[in-house]
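Peer 1: Before anything else, here's the structure in question.
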Amino acid sequence: MLKLPARNIRCYATKANNAYQQALLSKHVDQTDPEMYAILQAERKRQKHSITLIPSENFTSKSVMDLLGSEMQNKYSEGYPNERYYGGNQFIDKAESLCQKRALDLYQLDPEKWGVNVQPLSGAPANLYTYSAIMNIGDRLMGLDLPHGGHLSHGYQLPSGTKISFVSKYFQTMPYHIDPSTGLIDYEELSMTSKLFRPKIIIAGTSAYSRILDYKRFREITNACNAYLVSDMAHISGLVAAGVTDSPFEHSDIVTTTTHKSLRGPRGAMIFYRKNLRKVTKQGKEIHYDLDKKINFSVFPGHQGGPHNHTISALAVALGQAAKPEFKQYQQNVVANAKAFSDELIKRGFNLVSGGTDNHLILINLSNLGIDGARLETILESINIAANKNTIAGDKSALFPSGLRVGTPAMTTRGFDKSDFAKVAEYIYKAVKLAISLKSQESATATTARARLIDFKKLCKESTAVKQLADEVYTWVGQYPIPGEL
Ligand code: DSN
Numbered sequence: 000m001l002k003l004p005a006r007n008i009r010c011y012a013t014k015a016n017n018a019y020q021q022a023l024l025s026k027h028v029d030q031t032d033p034e035m036y037a038i039l040q041a042e043r044k045r046q047k048h049s050i051t052l053i054p055s056e057n058f059t060s061k062s063v064m065d066l067l068g069s070e071m072q073n074k075y076s077e078g079y080p081n082e083r084y085y086g087g088n089q090f091i092d093k094a095e096s097l098c099q100k101r102a103l104d105l106y107q108l109d110p111e112k113w114g115v116n117v118q119p120l121s122g123a124p125a126n127l128y129t130y131s132a133i134m135n136i137g138d139r140l141m142g143l144d145l146p147h148g149g150h151l152s153h154g155y156q157l158p159s160g161t162k163i164s165f166v167s168k169y170f171q172t173m174p175y176h177i178d179p180s181t182g183l184i185d186y187e188e189l190s191m192t193s194k195l196f197r198p199k200i201i202i203a204g205t206s207a208y209s210r211i212l213d214y215k216r217f218r219e220i221t222n223a224c225n226a227y228l229v230s231d232m233a234h235i236s237g238l239v240a241a242g243v244t245d246s247p248f249e250h251s252d253i254v255t256t257t258t259h260k261s262l263r264g265p266r267g268a269m270i271f272y273r274k275n276l277r278k279v280t281k282q283g284k285e286i287h288y289d290l291d292k293k294i295n296f297s298v299f300p301g302h303q304g305g306p307h308n309h310t311i312s313a314l315a316v317a318l319g320q321a322a323k324p325e326f327k328q329y330q331q332n333v334v335a336n337a338k339a340f341s342d343e344l345i346k347r348g349f350n351l352v353s354g355g356t357d358n359h360l361i362l363i364n365l366s367n368l369g370i371d372g373a374r375l376e377t378i379l380e381s382i383n384i385a386a387n388k389n390t391i392a393g394d395k396s397a398l399f400p401s402g403l404r405v406g407t408p409a410m411t412t413r414g415f416d417k418s419d420f421a422k423v424a425e426y427i428y429k430a431v432k433l434a435i436s437l438k439s440q441e442s443a444t445a446t447t448a449r450a451r452l453i454d455f456k457k458l459c460k461e462s463t464a465v466k467q468l469a470d471e472v473y474t475w476v477g478q479y480p481i482p483g484e485l
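Using numbering that gives the first Met the number 0, the first residue of the sequence shown is number 0, and each one after it goes up by one.
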């Protein structure tokens, strides 16, 4: 066998490594993986040429994207700033500390009274970590019922008792509801049932509710049963940051939020928790919060391993942007556009749950129109409008509900104003008319609801009227830039 001097072996290894780097590690994806690149390009095109009405979606900034695709993602840093289980974290510590500081500053929180954990990977995990921090398995929790506008992570079980959300397996959950006659949260019911159920946590948070929550009322109800008030402001955290809606902080013990919805940051989550004095008893005894240790321990090491440092760094950037006057103006536009959009829908005969909106979203009740949310979502997708079907109080099926949920954060980011949303209302109106007509052509041989929906999709694909509308929307919305294109 040929014996090479050690120096030469190192030289060959370096050359081989260089070749490997050239071939794979140092090129952009368009050169290394055409298959995945084609999918990325197709999604870029879909986003550019679609009207995004899903109220929980947004277009984040180029600077946030810079950090998401950065070297910060290469680092392990289990633990917290200055207390890590890995070396080499001096800059990661700075990034996480900056993120925490900006989060507290943005919501004008005194660091003596509030702390924040910025490591949760997303909203549902953040809620689970919160519950686990202060409850034992089997303890009780109350949240808004999912079909009434709540969220899966607030617990959900079917009337039959089947537990859909594992939160309802780990803990005992009981929902509160909206009053179907007003579309507003039934605080009276919550007040009465919470006294009987005696939960350890009441969650003030929604996923499909267009009105302002009465946090003061939640606090009173929570005090009456000696529970913690956890506010999940995921949908409205951008609006809260800009001061264009009520803030949950004054009345809550804990506030959770995702970071990618109206806040317009990277996909992630935060848990804010109170510190120091909780209350003074009638006997004058001071009771202190112990949430900082419990929440931080629940996130790591309780549930998570290494934090996603690229996300935390990107979040710090987003929080910095959210503190700017331009962000306040953006949020004012989000709310003004939602109001104008709801007025335009009402003008066209749409029934809105609660009659309108105070925030960024609108829940349309289609039950008077002879069309369901699943078919409307389908035809809207066919004409390049992304919205989502949603249950309305009283619906039996989540797959074929009678509601459609729309919102303004994403398209306001792209520059839509009130007149643009009037145009969108008209497209939705036309889509409903077309959907009713196509539904009447569904095959009589399709006997199940699912089979009929498949048939409806096929009819959408074949319809020239659908194709015409799709082309019109594609061209029109394509003129509006996406962040990063300017
Ligand atoms: N799935 C989100 C929404 O669309 O509201 C909530 O996490």
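Virtual Cβ for every residue (Gly too), placed ideally from N, Cα, C.
Could you give the residue range of the alpha helix (DSSP H) that holds M410?
Peer 2: First-last of the alpha helix (DSSP H) with M410: 408-412.
Peer 1: Over the uninterrupted beta strand (DSSP E) stretch that includes M134, give me the two end residues.
Peer 2: Note, M134: premise wrong, no beta strand (DSSP E); not H, not E.
Peer 1: Do you know how far the Cα of H153 is from the Cα of P146?
Peer 2: When rounded, the distance between both Cα atoms is 12 Å.
Peer 1: Note down the Cα distance separating K284 from K292, rounded to an integer number of angstroms.
Peer 2: If you take the alpha carbons of K284 and K292, they lie about 22 Å apart.
Peer 1: Hey, S190 and S353 are a contact pair by Cβ (cut 8 Å); roughly how many whole angstroms apart?
Peer 2: S190 to S353, Cβ: 20 Å. No contact.
Peer 1: Buried or exposed, going by whether 16 or more other CB atoms sit within 10 Å of the CB of P300?
Peer 2: Exposed, by the Cβ-count rule.
Peer 1: Could you check the C-alpha separation between A233 and S180 for me, to the nearest Å?
Peer 2: Taking the straight line joining both Cα atoms gives about 26 Å.
Peer 1: Assuming H250 contacts F217 under a Cβ cut-off of 8 Å, what Cβ separation, rounded to an integer in Å, is found between them?
Peer 2: With 8 Å as the limit, H250 and F217 qualify as a contact, their Cβ atoms being about 7 Å apart.
Peer 1: At what residues does the beta strand (DSSP E) containing G204 begin and finish?
Peer 2: First-last of the beta strand (DSSP E) with G204: 200-204.
Peer 1: What are the residues that DSSP puts in a beta bridge with L362?
Peer 2: DSSP lists R404 as partners of L362.
Peer 1: Exposed or buried, D394, counting other C-beta atoms within 10 Å across all chains shown (16 or more means buried)?
Peer 2: Burial call: buried.
Peer 1: Consult DSSP for R273 and reduce its assignment to one of helix, strand or coil.
Peer 2: Strand.
Peer 1: Could you pull out every residue in the same chain whose Cβ sits closer than 6 Å to the Cβ of T257, ignoring the five residues on either side in sequence?
Peer 2: Closer than 6 Å at Cβ, skipping near neighbours: G122, A233, A268.
Peer 1: Are the CB atoms of S49 and I384 nearer to each other than 8 Å?
Peer 2: The answer is yes: Cβ separation under 8 Å.
Peer 1: Please confirm whether any heavy atom of the ligand DSN lies closer than 7 Å to the CB of S230.
Peer 2: No, Cβ of S230 sits at least 7 Å from all heavy atoms of the ligand DSN.
Peer 1: With three or more beta-carbon pairs closer than 8 Å as the criterion, would you say the segment 58-67 touches the segment 305-314?
Peer 2: Contact between the segment 58-67 and the segment 305-314 is present, because at least three Cβ pairs lie under 8 Å.
Peer 1: Cα separation between F271 and L183?
Peer 2: Cα to Cα, the separation comes out at about 27 Å.
Peer 1: Verify whether the separation of the beta carbon atoms of D252 and R273 is less than 8 Å.
Peer 2: Against a cut-off of 8 Å, the Cβ pair of R273 and D252 comes out as a contact.
Peer 1: Since N332 is in the alpha helix (DSSP H), which residue starts that stretch and which ends it?
Peer 2: Residues 324-346.
Peer 1: When the Cα atoms are used, what is the spatial distance from N116 to P247?
Peer 2: Each residue's alpha carbon lies about 17 Å from the other.
Peer 1: With a CB to CB cut of under 8 Å and the five nearest residues on each side skipped, what residues in its chain are close to Y238?
Peer 2: A small correction: the amino acid at residue 238 is Leu; Tyr does not occupy that position in the sequence shown. T244, S261, Q330, V333, V334, N358, H359.
Peer 1: Just the C-alpha distance for F196 and K278, rounded to the nearest angstrom, thanks.
Peer 2: Each residue's alpha carbon lies about 23 Å from the other.
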